[in-house]
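Trainee: Protein chains in written order, with the numbering used here: chain A, 1406 to 1848; chain B, 2 to 244. Supplied in structure tokens, the structure appears directly below.
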Amino acid sequence: MQKRLANWGNYPAIASEETSFTQEDQLRTFVSNHKDLIARGNGRCYGDASLGKHSISMLRYDKILQFDTANGILETQAGVTLDQILDIIVPKGWFLPITPGTKFITVGGAVASDVHGKNHHVDGAFSNHIIDMDVITGDGNTITCAPDKNPDLFWATCGGMGLTGVVTRVKFDLKKIETAYIKQTQIKAKNLEDVIRLFEEYKHYTYSMAWIDCLKKGDAFGRSILIVGEHAKPEELTAKQRQAPLTLPAKRKLTVPFNLPSFILNTLTVKIFNWLYYNKNLKREINNVVPYEPFFYPLDAILHWNRGYGKAGFVQYQFVLPLEHKDGLVKILQRISDKGWGSFLAVLKVFGNQDSLISFPMEGYTLALDFPVRKGLFDFLDELDEIVLQYGGRLYLSKDARMKQEVFWKSYPNAEKFAAIVKQYNHNNTFTSLQSERLALTK
Amino acid sequence: MPSVLILGAGSDMAMAIAREYASHQYDIQLAARSGNALVPLQQDLQIRYNVTASVHDFDAAAFDSHAAFFASLPAVPDITICVFGYLGDQEKAQRDWSEAARIIHTNYTGAVSILNIVAEAYAQRGSGLIAGISSVAGERGRMSNYIYGSAKAGFTAYLSGLRNRLFHARVHVISIQPGFVNTRMTQHLTLPPLLTAQPEAVAKAVYNGIRKKKNVLYVKWHWKYIMLIIRNIPEGIFKKLKL
Chain A
1406 MQKRLANWGN YPAIASEETS FTQEDQLRTF VSNHKDLIAR GNGRCYGDAS
1456 LGKHSISMLR YDKILQFDTA NGILETQAGV TLDQILDIIV PKGWFLPITP
1506 GTKFITVGGA VASDVHGKNH HVDGAFSNHI IDMDVITGDG NTITCAPDKN
1556 PDLFWATCGG MGLTGVVTRV KFDLKKIETA YIKQTQIKAK NLEDVIRLFE
1606 EYKHYTYSMA WIDCLKKGDA FGRSILIVGE HAKPEELTAK QRQAPLTLPA
1656 KRKLTVPFNL PSFILNTLTV KIFNWLYYNK NLKREINNVV PYEPFFYPLD
1706 AILHWNRGYG KAGFVQYQFV LPLEHKDGLV KILQRISDKG WGSFLAVLKV
1756 FGNQDSLISF PMEGYTLALD FPVRKGLFDF LDELDEIVLQ YGGRLYLSKD
1806 ARMKQEVFWK SYPNAEKFAA IVKQYNHNNT FTSLQSERLA LTK
Chain B
2 MPSVLILGAG SDMAMAIARE YASHQYDIQL AARSGNALVP LQQDLQIRYN
52 VTASVHDFDA AAFDSHAAFF ASLPAVPDIT ICVFGYLGDQ EKAQRDWSEA
102 ARIIHTNYTG AVSILNIVAE AYAQRGSGLI AGISSVAGER GRMSNYIYGS
152 AKAGFTAYLS GLRNRLFHAR VHVISIQPGF VNTRMTQHLT LPPLLTAQPE
202 AVAKAVYNGI RKKKNVLYVK WHWKYIMLII RNIPEGIFKK LKL
């Protein structure tokens, strides 16, 4: 069916022929007879990575195949979303080894983006937890791969944005938990120096990230709230919570029912919001025990929050810079704060080391923030790209909708190698996306 | 635990119905031409909902096998839902009897064959419930799909007669008219969003309709009135339309 598709940023939007399937052989036949395909999960990547002429909707390929509750191993078809998985595993005392800031992504999407979470510095990215997986490659064959089985396909598929083929089945390990709660600590940081020092001081915590105010100048430049946490132990819960430590109380969902007019979001409203957010914490440090949902997925509580940016959509700009280039981070933050176009709070995190072929994370600082699409934005982001390049950083392909191709080829050290593997499995450009064309990864 | 048999369990709609029933703690018997293809769904139901699910080979067009199939089930199901159907290619079916026969056998003859057997068992036992997924296409023949429509018309009439007969044996029969549903069967069609249901919505409607023992259920209420109008267009006008 011809459909208008856009991912989470609502930019870009295209007309695409969408196909869905429930049996693997249906998909294999389809792949062998078509070109210009791209697999699409729940549309939560922000840009154009899963947009193409023909999209393969994975959402009906959503069966849980095996759950080893003794050893914490889960095997699923790739279209299952993380929120469904959490509903199944948390009551049995298991948690996702890695989760991004939304639970509304598919397992296949987690692989294709090689997603990271607040625990990257401790547990790595999603690829670090995959036992094995199946990929339907360009010739319509299913190939099983793992770090020690067809490793070239495995590493080019993790973070490979769907260009090696369609991920259909994934087996991965889970994390043992005793409760569905997180013991969190929030610490206010006066400025960028302060928060970077705090990251170092709190690096032994499993989970950490900071909300950073990108608009603040002067002494309070980079003021933040560092949030760290650990899975709570039963004795840390209240008596009432302890009665059912693995069950969360039901919560109501809010939604943004339609696109808000874009004038609502301006420098003033964002400044007010950031002020409120920073100053809601009266004390410098707050310690409490919270359900896992608000800790990991604060924005999931507001369905369709992306509509808050209006009809023109937004792009999320996420880059990483090597640890030794804190000065680059300062430079970029200054540019953003001078421009005053950034929106609400941005997220700052320190990544740990990761060996990978094409995945985004590397040891260093990563900053993510939203920019509503407007005139001049892309020129401004091109300028930021130059700084990222200059300091040896790179951009996250899952968020990207506009990077120039030379920026990609210069910033990903394994780009050539990745492209060669893609060519090997992606026969005759069976799989192409707007992004792969834009970055000249296919054709 | 109560149990439900789903005939034609490979379709998107059937999968959604299976999940709906499993979420209400029914044991699920899944039947389709290739039982093997249903194993992922079987695992899924057992892991997600902690129920027992079984898979069975069932070919709607292999009439002779139906009695043995029903006898082989792990238990006589409390509810039987007949979901299978085949839209087919109308133009091909006009010229090619094998396509026409496949449409008729899947949507009508095959359904009659298996439901006759289920009905006998339920009538003898004096309990049970049969649900048939028919189609609004069966309410009036249209040039674009009258072979499918006529088979579904036959099925609708069959269900109505069966309901009448089994009422006296305390067995309930429900006819379900889903209207457009967003499934693999219809993915090549451009459907009006307002009139198109998601499989999960159909599944919920089927579950509630069965629980409330409805006789005829339109999943989206609009369809009841659309079909009322379509049924009442005088034939002299209707035949001139290109529907």
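For glycine and all other residues, C-beta sits at the position ideal for the given N, C-alpha and C.
Could you confirm whether any beta carbon from chain A is found closer than 8 angstroms to the beta carbon of B/Q188?
Mentor: Numbered from 1 along the second sequence, position 187 holds the residue referred to as residue 188 of chain B. Yes, B/Q188 lies at the interface with chain A (some Cβ there is under 8 angstroms from its Cβ).
Trainee: Taking Cβ-Cβ distances shorter than 7 angstroms, what residues in chain A pair up with B/A38?
Mentor: Taking the second sequence and counting its residues from 1, the one referred to as residue 38 of chain B is at position 37. Result: Q1428.
Trainee: A/N1831: buried (16+ other C-beta within 10 angstroms of its C-beta) or exposed?
Mentor: Mapped onto the first sequence, residue 1831 of chain A falls at position 426. Buried, because 16 or more other Cβ atoms sit within 10 Å of the Cβ of A/N1831.
Trainee: Return the Cβ separation of B/S128 and B/K153 in integer angstroms, given the expectation that the two are a contact with Cβ distance under 8 angstroms.
Mentor: As a working note, residue 128 of chain B is residue 127 in the second sequence. As a working note, residue 153 of chain B is residue 152 in the second sequence. With a Cβ gap of about 28 angstroms, B/S128 and B/K153 do not count as contacting.
Trainee: Pick out whichever of A/K1554, A/G1529, A/N1524 has its Cα sitting closest to the Cα of A/M1538.
Mentor: Within the first sequence, residue 1538 of chain A is the residue found at index 133, counting from 1. Ranking A/K1554, A/G1529, A/N1524 by Cα distance to A/M1538 puts A/K1554 first.
Trainee: Would you say A/S1421 faces chain B, with C-beta separation under 8 angstroms as the test?
Mentor: Walking along the first sequence from the start, residue 1421 of chain A turns up at place 16. Judged by the 8 angstroms Cβ criterion, A/S1421 is not in contact with chain B.
Trainee: What did DSSP end up calling B/P192 once you bin it into helix, strand or coil?
Mentor: The residue given as residue 192 of chain B occupies position 191 in the second sequence. Per the sequence shown, the amino acid found at residue 192 of chain B is Leu instead of Pro. If DSSP states are grouped into helix, strand and coil, B/L192 belongs with coil.
Trainee: Checking contacts by CB at 8 angstroms: is A/I1617 closer than that to chain B?
Mentor: For the purposes of this step, residue 1617 of chain A is taken as residue 212 along the first sequence, with counting starting at 1. Closer than 8 angstroms: no.
Trainee: Compare the C-beta of A/M1808 against all C-beta atoms of chain B and say whether one is closer than 8 angstroms.
Mentor: As a position in the first sequence, residue 1808 of chain A is number 403, starting the count at 1. With 8 angstroms as the cut-off, A/M1808 does not count as an interface residue toward chain B.
Trainee: Rounding to the nearest angstrom, what Cα-Cα distance links A/V1720 and A/F1783 in this structure?
Mentor: What you label residue 1720 of chain A is simply residue 315 of the first sequence in a count that begins at 1. What you label residue 1783 of chain A is simply residue 378 of the first sequence in a count that begins at 1. Whole-angstrom Cα-Cα distance: 10 angstroms.
Trainee: Indicate the three-state DSSP secondary structure (helix, strand or coil) for A/K1468 in the structure shown.
Mentor: Taking the first sequence and counting its residues from 1, one reaches residue 1468 of chain A at position 63. It is coil, neither helix nor strand.
Trainee: Compare the beta carbon distance of B/L46 and B/I18 with 8 angstroms and say whether it is the shorter of the two.
Mentor: The residue you call residue 46 of chain B lines up with position 45 of the second sequence. The residue you call residue 18 of chain B lines up with position 17 of the second sequence. Result no, Cβ atoms of B/L46 and B/I18 do not sit closer than 8 angstroms.
Trainee: Would a check of beta-carbon distances place A/T1424 closer than 8 angstroms to chain B?
Mentor: Indexing the first sequence from 1 puts residue 1424 of chain A at position 19. It does; some Cβ of chain B falls within 8 angstroms.
Trainee: When you compare only the Cα positions, how much space is there between A/R1799 and A/N1671?
Mentor: Here residue 1799 of chain A is taken as the residue at index 394 of the first sequence, counted from 1. Here residue 1671 of chain A is taken as the residue at index 266 of the first sequence, counted from 1. Distance between the alpha carbons of A/R1799 and A/N1671 is about 28 angstroms.
Trainee: Using a C-beta cutoff of 8 angstroms, does B/R126 count as contacting chain A?
Mentor: Looking up residue 126 of chain B in the second sequence gives position 125. No, B/R126 lies away from the interface with chain A (no Cβ there is under 8 angstroms from its Cβ).
Trainee: What beta strand (DSSP E) runs, 3 residues minimum, are completely inside the segment 1618 to 1704 of chain A?
Mentor: Counting whole runs of 3 or more residues, the segment 1618 to 1704 of chain A contains the beta strand (DSSP E) stretches 1629 to 1636, 1690 to 1696.
Trainee: Which residue or residues does DSSP assign as beta-bridge partners of B/Y219?
Mentor: Locating residue 219 of chain B in the second sequence gives position 218, where the first residue counts as 1. B/Y219 pairs with B/Q178.
Trainee: Under 7 angstroms, CB to CB, which of the residues in the segment 30 to 62 of chain B have a partner in chain A?
Mentor: Cβ contacts with chain A come from A38, P41, L42, Q44, D45, I48, R49.
Trainee: Which runs of the alpha helix (DSSP H) spanning at least 4 residues fall entirely within the segment 1481 to 1542 of chain A, listed in chain order?
Mentor: Those alpha helix (DSSP H) runs which fall completely within the segment 1481 to 1542 of chain A and span 4+ residues are 1487 to 1494, 1512 to 1517, 1525 to 1528.
Trainee: Does the CB of B/R185 have a neighbour CB from chain A at under 8 angstroms?
Mentor: In the second sequence, the residue the question calls residue 185 of chain B occupies position 184. Cβ-Cβ to chain A under 8 angstroms: yes for B/R185.
Trainee: Is the CB-CB distance between A/V1516 and A/F1531 below 8 angstroms?
Mentor: Along the first sequence, one-based indexing puts residue 1516 of chain A at 111. Along the first sequence, one-based indexing puts residue 1531 of chain A at 126. Going by C-beta atoms, A/V1516 is nearer than 8 angstroms to A/F1531.
Trainee: Determine whether the beta carbon atoms of A/A1561 and A/V1827 lie at a separation below 8 angstroms.
Mentor: Reading the first sequence from its first residue, position 156 is the one you call residue 1561 of chain A. Reading the first sequence from its first residue, position 422 is the one you call residue 1827 of chain A. Contact flag set, yes.
Trainee: Determine contact between the segment 1732 to 1747 of chain A and the segment 1804 to 1822 of chain A, defined as no fewer than three beta-carbon pairs at a distance below 8 angstroms.
Mentor: The answer is no - the segment 1804 to 1822 of chain A does not touch the segment 1732 to 1747 of chain A, with fewer than three Cβ pairs under 8 angstroms.
Trainee: Is there a Cβ from chain A that is less than 8 angstroms from the Cβ of B/M16?
Mentor: To locate residue 16 of chain B, count along the second sequence from 1; it is residue 15. It does; some Cβ of chain A falls within 8 angstroms.
Trainee: Where are the beta strand (DSSP E) runs, 3 residues long or more, that stay fully inside the segment 1743 to 1818 of chain A, in chain order?
Mentor: Counting whole runs of 3 or more residues, the segment 1743 to 1818 of chain A contains the beta strand (DSSP E) stretches 1751 to 1756, 1769 to 1777.
Trainee: Please look up how many angstroms separate the CB atoms of A/I1419 and A/L1456, rounded, as I've assumed it's under 8 angstroms.
Mentor: Taking the first residue of the first sequence as position 1, residue 1419 of chain A is located at position 14. Taking the first residue of the first sequence as position 1, residue 1456 of chain A is located at position 51. That pair is a contact at about 5 angstroms.
Trainee: In chain order, what residues of the same chain have a beta carbon less than 8 angstroms from the beta carbon of B/M14, not counting five sequence neighbours either side?
Mentor: For the purposes of this step, residue 14 of chain B is identified with residue 13 of the second sequence, where counting begins at 1. Cβ within range, chain order: V84, I134, P179, V182, T184, P200, V203, A204.
Trainee: With distance defined between alpha-carbon atoms, name the residue in A/V1812, A/L1410, A/Q1431 nearest to A/Y1796.
Mentor: Residue mapping note: residue 1796 of chain A aligns to position 391 of the first sequence, counting from 1. It is A/V1812 whose Cα lies nearest to the Cα of A/Y1796.
Trainee: Measure the CB-CB distance between A/I1632 and A/A1615 and report whether it falls below 8 angstroms.
Mentor: As a working note, residue 1632 of chain A is residue 227 in the first sequence. As a working note, residue 1615 of chain A is residue 210 in the first sequence. In contact: A/I1632 and A/A1615 (Cβ atoms closer than 8 angstroms).
Trainee: Relative to the C-alpha of B/V119, which candidate in B/E92, B/A69, B/R143 has its C-alpha closest?
Mentor: What you label residue 119 of chain B is simply residue 118 of the second sequence in a count that begins at 1. Minimum Cα distance to B/V119 is reached at B/A69.
Trainee: Quick one: Cα of A/K1621 to Cα of A/V1695, how far?
Mentor: Here residue 1621 of chain A corresponds to residue number 216 of the first sequence, with the count starting at 1. Here residue 1695 of chain A corresponds to residue number 290 of the first sequence, with the count starting at 1. Roughly 29 angstroms between the two C-alpha positions.
Trainee: Put B/S128 into one of helix, strand or coil per three-state DSSP.
Mentor: Counted from its first residue, the second sequence places residue 128 of chain B at position 127. In this structure, B/S128 counts as coil in the three-state DSSP scheme.
Trainee: Closer than 8 angstroms is the cut-off here; do at least three beta carbon pairs connect the segment 1751 to 1771 of chain A with the segment 1598 to 1618 of chain A?
Mentor: Segments in contact, yes.
Trainee: Is it the case that the CB of A/G1514 approaches a heavy atom of the ligand GDP more closely than 7 angstroms?
Mentor: Summarising the ligand content, the structure contains no ligands, and the ligand GDP is consequently not present.
Trainee: Looking at C-alpha atoms only, which residue of B/K243, B/L88, B/A76 is the closest neighbour of B/M186?
Mentor: By 1-based counting over the second sequence, the position of residue 186 of chain B is 185. With distances taken between Cα atoms, B/M186 lies closest to B/L88.
Trainee: Using a Cβ cut-off of 9 angstroms, pull out every chain B residue sitting near A/M1406, in sequence order please.
Mentor: The residue labelled residue 1406 of chain A in the question sits at position 1 within the first sequence. Residues of chain B passing the Cβ test: N183, T187, Q188, H189, L190, T191, L192.
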